[in-house]
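Residue numbers (our numbering): 666 to 1001.
Where is the CB? At the ideal position from N, CA and C, for every residue including glycine.
Being a predicted model, the structure only gives us computed values, none of them experimental.
Here's the structure, in structure tokens; my notes come after.
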């Protein structure tokens, strides 16, 4: 009997151990974060890794974020939003401009005359989020939404000091909003993801690119750029970090509350600030290279660019309003 009792007790102990481990495994939620940029990216450690560490601590390990950089969950930054929406990843990092038709209202923040600096632009995105933008993020939940430093013109071998200098040139853009303005400037907009710009500039597919100055280092465009034009009418590029809605709803109330505390406006501002500082560093490194030139548009030329940009903005808002998208209302709300 003693032997049998020991066998029964041992078996019960094993079953209990297996049962408890199964419960522990089942309650641990792993959220895969898909990023198309490498681990050396300026936001990888202070934003992605910090968020992973913070949510782990805030939930006592019940929620973990595993980061998959450099397109490990699928190549191509254009597909980043789809990866979150279809739950290839529970979280993804990307640009709404790559799927401009999905985010017509969100991308209005990129239009000249709407914002003044990265902090202002990022605040304005969150100010209008609930009333105007959230419905564009179908099947996802925005965790961060922010902007790059204001765009500059990075030119391979043709300096841009005036509107006339842009006529007939092919300029890379990230979104339909930017395309409308570049076309008004007299150039041909070429929509293209950021990771394709280096080769396209090197081979002459495009003459230059409209991008935040941080891209000089992030995408190594410092190697293909001889001239950078600044003091353009302000046009930032928008960036998102979104969670799959289903995965978000599977979190417990306490876990969702923890994730909400760690995301939103604050993480967005920290991200925007990190890119802005990196952009200033990139411009400094660019200027240190012999033969390179940073061109600051004169006030007269800036006024001419701004007039053309205003025409493009007016036409674009009228077009979107006519399609049933309340673009003019959204821009007015953003400017408040």
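*What residue from 706, 957, 692, 720 has the CA that sits closest to residue 926's CA?*
720
_Considering only their Cβ atoms, is the gap separating residue 699 from residue 814 smaller than 9 Å?_
no
*So what's residue 867 in DSSP terms, helix, strand or just coil?*
The answer is helix: DSSP assigns residue 867 an H, G or I state.
*Span of the beta strand (DSSP E) holding residue 913?*
Looking at the DSSP string, residue 913 is not in any beta strand (DSSP E); the run it does join, the alpha helix (DSSP H), is 910–915.
*Are residue 808 and residue 771 touching if we call contact CB-CB under 9 Å?*
no
*Would a C-beta distance cut-off of 9 Å place residue 791 and residue 921 closer than the cut-off?*
Cβ distance not < 9 Å, so residue 791 and residue 921 don't count as in contact.
*With distances taken between CB atoms, is the gap from residue 906 to residue 763 smaller than 9 Å?*
A distance of 9 Å or more separates the beta carbons of residue 906 and residue 763.
*Tell me whether residue 952 is buried or exposed, calling it buried when 16 or more other Cβ atoms sit within 10 Å of its Cβ.*
By the 10 Å Cβ count, residue 952 comes out exposed.
_Measuring only the C-alpha atoms, how far is residue 850 from residue 738?_
38 Å
*Nearest-angstrom Cα distance between residue 954 and residue 859?*
23 Å
*Local conformation of residue 857 per DSSP, three classes*: coil
*Using DSSP with H/G/I as helix, E/B as strand and the rest coil, what is residue 804?*
coil
*Backbone secondary structure at residue 847 - three-state DSSP*: helix
*Touching or not, the region 778–794 and the region 841–857, by the rule of three or more beta carbon pairs under 8 Å?*
When Cβ pairs closer than 8 Å are counted between the two stretches, the region 778–794 is seen not to touch the region 841–857, the count staying below three.
*Would you be able to state if there are at least three C-beta pairs under 8 Å between the region 931–939 and the region 739–748?*
no
*May I have a chain-ordered list of the alpha helix (DSSP H) segments no shorter than 4 residues that lie completely inside the region 764–810?*
783–792
*Are the region 888–903 and the region 714–733 touching, with three or more C-beta to C-beta distances below 8 Å?*
Under the 8 Å Cβ criterion, the region 888–903 does not count as touching the region 714–733, having fewer than three qualifying pairs.
*Please report the residue range of the beta strand (DSSP E) in which residue 757 lies.*
756–759
*asked:* Pairs of beta-carbons, one from the region 747–758 and one from the region 871–880, closer than 8 Å: are there three or more?
replied: no
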